[in-house]
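Residue numbers for the sequence shown follow full-length UniProt numbering, so the first one is 1 and each next one is one higher. Down below is the structure, laid out as structure tokens.
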Amino acid sequence: METEIKEPVIVIKDLVKAFGDKKVLDGFNLTVEKGSNVVILGKSGSGKSVLIKCIIGLLQSDSGSILVFKGNISQMNEDELDQARSKIGFLFQSNALYDSMTIRENLEFPLLRHWVDITKEEVERLVNEALENVDLLHTMDMMPSELSGGMLKRVALARTMILRPEVILYDEPTTGLDPVTSREIENLILKLQKKNHSSSIIISHDMNCVKNTADLVVLLLEGKCYTKGTYEELKQSTDENIKQFFE
1 METEIKEPVI
11 VIKDLVKAFG
21 DKKVLDGFNL
31 TVEKGSNVVI
41 LGKSGSGKSV
51 LIKCIIGLLQ
61 SDSGSILVFK
71 GNISQMNEDE
81 LDQARSKIGF
91 LFQSNALYDS
101 MTIRENLEFP
111 LLRHWVDITK
121 EEVERLVNEA
131 LENVDLLHTM
141 DMMPSELSGG
151 MLKRVALART
161 MILRPEVILY
171 DEPTTGLDPV
181 TSREIENLIL
191 KLQKKNHSSS
201 IIISHDMNCV
211 KNTADLVVLL
221 LEGKCYTKGT
231 YEELKQSTDE
241 NIKQFFE
């Protein structure tokens, strides 16, 4: 039987990013295949958040290349970056909802920013659909301050997915949530991935989240891709650098 060849959506080669004398990323390499969930493991300060900020052009890398949909992020102008970002969802650890806007307005914002020709009826349909996907349609006209932490995370996920991005970057999606709510978020990540055929990079310290969502686990150590494999493969490793995350 022939092995199915999956199309790469992100290809990172020899990526270097330093702040002063400290090299946070030092020749990092990674390929993310279409439809897969890649979890990045690493200690605090190891460069995980720096990596995903480089991927969407919030930080400029010092050298190396990041190809997203075959386009080099570091060589894009602002218009090209905006076009690429419209295909990339970013779930911030802090949720990054606008406190002064209703839930409806928070979800409308990316639609009106990226799809200027969209009709009022289409905006309403997409907002309704996004909130239905996370079982929060009833919160439409509420303010963020009226929602629990888990509900805010689900709204943030709905806003991330409303443009139907091909790639989603998750920064600690279950941090600060109780185990039951964390499992709900993990299930939503998998549900929306399957529904939209999207690819993901997930940064997480939550090993339950890693186990439940990862197709591939990558260990970022000393600025490099130290190792990669499935959750079970890495869990069975006798390498002390790997074992410390599974103990």
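All residues carry an ideal CB built from backbone N, CA and C; glycine is no exception.
Check                                                                                                                                                         : Outcome
Given that a residue counts as buried once 16 or more other Cβ atoms are within 10 Å of its Cβ, and exposed if not, what is Tyr-98?                           : exposed
Between Asn-187, Val-32, Asp-135 and Ile-242, which lies nearest to Glu-232 when the distance is taken from Cα to Cα?                                         : Ile-242
CA-CA distance, Ser-49 and Asp-171?                                                                                                                           : 7 Å
Identify which residue in Asp-117, Leu-177, Asp-239 and Cys-225 has its Cα closest to the Cα of Gly-47.                                                       : Cys-225
Thinking C-beta only, is Leu-136 closer than 8 Å to Met-151?                                                                                                  : yes
Give the single residue among Thr-102, Thr-31 and Asp-239 whose Cα lies nearest to the Cα of Glu-7.                                                           : Thr-31
Just the C-alpha distance for Phe-246 and Glu-240, rounded to the nearest angstrom, thanks.                                                                   : 10 Å
Could you tell me which residues DSSP puts in a beta bridge with Lys-13?                                                                                      : Ser-65
Quick one: give me the first and last residue of the beta strand (DSSP E) that Val-218 is part of.                                                            : 216-221
Got a sec, what are the start and stop residues for the alpha helix (DSSP H) Ile-52 sits in?                                                                  : 48-55
Going by beta carbon distance, what residues of the same chain come within less than 7 Å of Asp-26, once the five residues before and after it are set aside? : Val-16, Glu-222, Gly-223 and Lys-224
Thr-3 by DSSP, collapsed to three states: which one?                                                                                                          : In this prediction, Thr-3 scores a pLDDT of 49, lower than 50, which makes its location untrustworthy; the coordinate-derived value is nonetheless stated afterwards. Three-state result, Thr-3: coil.
Report yes or no: do three or more beta-carbon pairs, one from the region 85-95 and one from the region 162-170, lie closer than 8 Å?                         : yes
Note the first and the last residue of the continuous alpha helix (DSSP H) segment covering Phe-109.                                                          : 103-114
Can you have a look at Gly-176 and say buried or exposed, based on whether 16 or more other CB atoms are within 10 angstroms of its CB?                       : exposed
How about Leu-58 and Val-218: are their beta carbons less than 8 Å apart?                                                                                     : no
Residues bridged to Val-32 by DSSP?                                                                                                                           : Ile-10
Per DSSP, Arg-26 forms a beta bridge with which residues?                                                                                                     : Correcting the residue identity first, residue 26 is Asp in this sequence and not Arg. Paired residues: Val-16.
On the DSSP bridge list, what partners appear for Tyr-170?                                                                                                    : Leu-91 and Ile-202
Taking only three categories from DSSP, how would you classify residue 248?                                                                                   : No statement about residue 248 is possible, as the shown extent of the chain runs from 1 to 247 and does not include it.
Quick one: does Arg-113 have its CB under 8 Å from some CB of chain C?                                                                                        : Reference to chain C is not applicable here, since this structure consists of a single protein chain.
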